[in-house]
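Novice: This structure is in structure tokens; I'll ask about it shortly.
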Amino acid sequence: GKGREAEADLASTDFMLAIEIDGYYHFQDRSAYRRDRRKDAELQKHGFLVLRFLAEDVVTRLEEILETVLTFVALRQKGQPSQERNS
1 GKGREAEADL ASTDFMLAIE IDGYYHFQDR SAYRRDRRKD AELQKHGFLV
51 LRFLAEDVVT RLEEILETVL TFVALRQKGQ PSQERNS
């Protein structure tokens, strides 16, 4: 709705990165799927990059997921203006 804050399962405002962990219901329930797309759009509107992972994969492929997240953190770091700039 209007004025609603964007929420994520995990988020970093330093890197403007949001991580969502999805169960299978996201693919079986149209209203849940639509709600998640609206949530993604709201997060993106606030400047967040949204990464989505299946809950099952977080358990069975955690190392691969962490690698993916760290890759995006590094990319977001490169895109950040230097904090050490002299004014």
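Number 87 marks the last residue of the sequence shown (my numbering); no jumps. Where a beta carbon is used, it is the ideal one built from N, C-alpha and C, also for glycine.
(1) Check Phe48 in the structure and name its three-state DSSP category.
(2) Alpha helix (DSSP H) containing Glu64: first to last residue?
(3) Find out if the Cβ-Cβ distance for the pair Asp29, Glu20 is shorter than 8 Å.
(4) May I have the straight-line CA-CA distance separating Gln44 from Glu64, to the nearest angstrom?
(5) Give the DSSP-derived three-state secondary structure of Glu7 in the structure shown.
Specialist: Reading from the atomic positions:
(1) Note: Phe48 maps to coil in three-state DSSP.
(2) Going by DSSP, Glu64 is part of the alpha helix (DSSP H) stretching over Leu62 to Gly79.
(3) For Asp29 and Glu20, no; Cβs fall outside 8 Å.
(4) So the two alpha carbons sit approximately 24 Å from each other.
(5) In the three-state scheme derived from DSSP, where H, G and I count as helix and E and B as strand, Glu7 is classed as coil.
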